[in-house]
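Input: a single structure, listed below in structure tokens.
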Amino acid sequence: MAGPRRPAMSTPMDRVFLVAALSLFASANLAAQRPGDAQGARPTTARAAAPDDLTGYWVSIVTEMWRYRMLVPDKGDYVKVPLNPEGRKVADAWDPAKDQASGNACKSYGAAAILQVPGRLHIYWQDDNTLRMDTDSGTQTRLFRFGGSPPPNEPPTWQGYSVAMWRGDEPRDRRDGQGGPVQDSTGRLVIAQPQRKDADYLKVVTTHMRPGYLQKNGVPYSGNAIVEEYFDRFSDPYTHNTWLSVTTVISDPQYLIEPLITHAHFKKISDSSGWDPTPCRADEPR
Amino acid sequence: MRLTKIINWKMKHVWFLLLLLAVPASRPAQAQVDLTGEWSPRVYNDHMDIGDYTGIPLNEAGRLRAESWHPEQLDLPENLCRPHPIDIGLRVSVSQLRITTELDNETRQPVGLRLHVAWQEPEQVIYLDGRPHPSANAPHKWSGFSTGHWERNTLVYTTDHLKEAYLTRTGVPKSDKATVTTRVRRYGNILTITFIINDPAYLTEPYIRESSWVYDPNQVIAPFPCEITPDGTIIPEGKVPSFLPGKNDILNDFATEYGIPPESASGGAETLYPEYIKKMKTMKVAPRTTTEHYKRTQ
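See the structure below:
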């Protein structure tokens, strides 16, 4: 004859197991949550998914390419840009007065170069999927749109059309047998098993730009140029200032023999003090 | 009977074991990005001219040392094969870069990463196994002592125990009290390295600069043998070329050449900010009509 049925988890040991298991499960899920994801669900907006807060005011700290950025370089001074012969020809014909008079004073404030122009940035969310960057130099506005792609027939502008994404896993084009891409049946390199990394930086790809200048002295980029930017926010261990570092890769087969990589970094400031909007000026550094 | 009881107990708690196994899978992926491989430099070097201290937050002591530097110091026998510390070598010399995994000699387990740079072949091991830095009295070396950690997908390491060296190829000094925090991150085929140099002896604030490399698995880094010629160098034995304070007659050539106020060319924290552009407009600039660069660009 069977005795009375014991309820599940009736012994002290059972209860210890249950509490331990629930604690582990809860802690694992908390760790896996993304920012702004209080319920553990996948964030539905770029703002909620942001791994870093890039918003606020930032000021350029010009420690590199100083004489190319704090002054207007001389015509023909493009030694640090991998220009092809056509690009050199255009750069050698630079005429700032003509640019100013023809309404092209903003050519050196376009998306490919605006972060090289010394100044301040104000970054904020225009809506849940659009990060907006205003610059005081040249009084420009950039919109980083998360999701989607440029609409067909998008007209070219100085700041172009920017598609943004939070990234962490940038698969490397490895061909040395140590992992990474393999050839598929068509011979195309594909990532067989990309490592999944949690997003921790902002990538922005900009196209549909009006032709502009990489430097203030008329070093050109064409309307076919593609600008890839990588934004990384960090704190320095000495002053504990917050920094925004931007690596920019400009590809332009029309004027460059290879992509140009530039860097700019910005220190976070508490407010808009020092904000000094300027119009586009063809013969001024900012 | 006892065996059956044990099996029943175990079966009842299988759910717990399965849950334990599931926990690591639900954690975020570990943030160790593969940085190893061959990297080809895309370094657009500044500070190639004597007197060009632009963008460097130098203090007075650093400026005095820089202004006393004479280019013939490069020809001193003891300097012919002198390497740059790797943080400088990555920046100012031919900087093809190779990153490999560093293994413990005995256990063959990874303990960090090793950086190898082309010019003068400096090497730097970045320990990631949590070992402490040596005592303050330990010898200083060209590549110092580095320990690092991962901040999400970025390798961050700190180097101290560095020998005195230069920030530029033109004599801007970096003291042996300097520490360098370096951030290495990979954006696909691009490697970006951010150097944050803190030198209480010669800088008023940390000096930040960045460079990038492109992944190049076919890169070949040639050996870099260096030996001092037995006949010595063009510098007479015992002489150390230098400029006494105020006697450097080539110091302002750079500023004149490019139309920069001499005071601005000598660096300083104030010169790093956008508002300094306005101040520069009120400062004197030497006439440029005779300079070679100016003539070339007209």
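As given, the protein sequences belong to chains A and B, one line each in that order. Taking my numbering, the leading residue of the first sequence gets 1068, the next gets one more, and so forth. Taking my numbering, the leading residue of the second sequence gets 318, the next gets one more, and so forth. Ideal Cβ placement from N, Cα and C applies to all residues, glycine included.
Could you confirm whether any beta carbon from chain B is found closer than 8 Å to the beta carbon of residue i?
i	result
residue 1330 (chain A)	yes
residue 1131 (chain A)	yes
residue 1341 (chain A)	yes
residue 1288 (chain A)	no
residue 1126 (chain A)	yes
residue 1032 (chain A)	Given a span of 1068 to 1353 for chain A in the structure shown, any question on residue 1032 (chain A) remains unanswerable.
residue 1304 (chain A)	yes
residue 1232 (chain A)	no
residue 1337 (chain A)	no
residue 1309 (chain A)	no
residue 1376 (chain A)	The structure shown does not extend to residue 1376 (chain A), since chain A is modelled only from 1068 through 1353, so no value can be given for it.
Taking 8 Å as the CB-CB cut-off, is residue i touching chain A?
i	result
residue 409 (chain B)	no
residue 551 (chain B)	no
residue 599 (chain B)	no
residue 507 (chain B)	yes
residue 367 (chain B)	no
residue 521 (chain B)	no
residue 412 (chain B)	no
residue 589 (chain B)	yes
Could you please give the first and the last residue of the uninterrupted beta strand (DSSP E) stretch that includes residue i?
i	result
residue 561 (chain B)	Premise fails: residue 561 (chain B) is in no beta strand (DSSP E) and is neither H nor E.
residue 357 (chain B)	354-359
residue 581 (chain B)	Looking at the DSSP string, residue 581 (chain B) is not in any beta strand (DSSP E); the run it does join, the alpha helix (DSSP H), is 579-582.
residue 427 (chain B)	427-434
residue 1120 (chain A)	It is not in any beta strand (DSSP E) - residue 1120 (chain A) carries neither H nor E in the DSSP assignment.
residue 1335 (chain A)	1327-1336
residue 1231 (chain A)	1228-1234
Rounded to whole angstroms, what's the CA-CA distance from residue i to residue j? Just pull it up for me.
i	j	result
residue 1135 (chain A)	residue 1282 (chain A)	7 Å
residue 526 (chain B)	residue 513 (chain B)	7 Å
residue 1277 (chain A)	residue 1181 (chain A)	13 Å
residue 1159 (chain A)	residue 1143 (chain A)	5 Å
residue 1316 (chain A)	residue 484 (chain B)	26 Å
residue 574 (chain B)	residue 1289 (chain A)	31 Å
residue 590 (chain B)	residue 387 (chain B)	30 Å
residue 438 (chain B)	residue 540 (chain B)	8 Å
residue 1104 (chain A)	residue 1113 (chain A)	Note on residue 1104 (chain A): pLDDT 44, under 50, position unreliable in the model; the coordinate value appears next. The straight-line gap from Cα to Cα measures roughly 12 Å.
residue 350 (chain B)	residue 428 (chain B)	15 Å
residue 1266 (chain A)	residue 404 (chain B)	28 Å
residue 1222 (chain A)	residue 359 (chain B)	33 Å
residue 356 (chain B)	residue 1305 (chain A)	29 Å
residue 1346 (chain A)	residue 1333 (chain A)	21 Å
residue 402 (chain B)	residue 432 (chain B)	12 Å
residue 382 (chain B)	residue 559 (chain B)	10 Å
Between which two residues does the alpha helix (DSSP H) carrying residue i extend?
i	result
residue 385 (chain B)	377-385
residue 574 (chain B)	570-575
residue 1153 (chain A)	1152-1159
residue 1113 (chain A)	1113-1116
residue 396 (chain B)	394-397
residue 455 (chain B)	Run containing residue 455 (chain B): none; DSSP gives neither H nor E here.
residue 409 (chain B)	403-409
residue 1136 (chain A)	1133-1136
residue 365 (chain B)	Careful: residue 365 (chain B) lies outside any alpha helix (DSSP H) and carries neither H nor E.
residue 594 (chain B)	593-597
residue 1167 (chain A)	1163-1168
On the criterion of 16 or more Cβ atoms from any shown chain inside 10 Å, does residue i qualify as buried, or is it exposed?
i	result
residue 465 (chain B)	buried
residue 1139 (chain A)	buried
residue 628 (chain B)	Past the boundaries of the shown model lies residue 628 (chain B); chain B is included only from 318 to 615, so the question cannot be answered.
residue 495 (chain B)	buried
residue 567 (chain B)	exposed
residue 1284 (chain A)	buried
residue 393 (chain B)	buried
residue 471 (chain B)	buried
> Going along the chain, which unbroken runs of the beta strand (DSSP E) with 3 or more residues stay wholly within the region 1264-1321 of chain A?
Replying inline: 1268-1274, 1279-1282, 1286-1288, 1293-1302 and 1309-1318
> Can you give, in chain order, each stretch of the beta strand (DSSP E) that sits fully within the region 463-507 of chain B and has at least 3 residues?
Replying inline: 471-477 and 496-504
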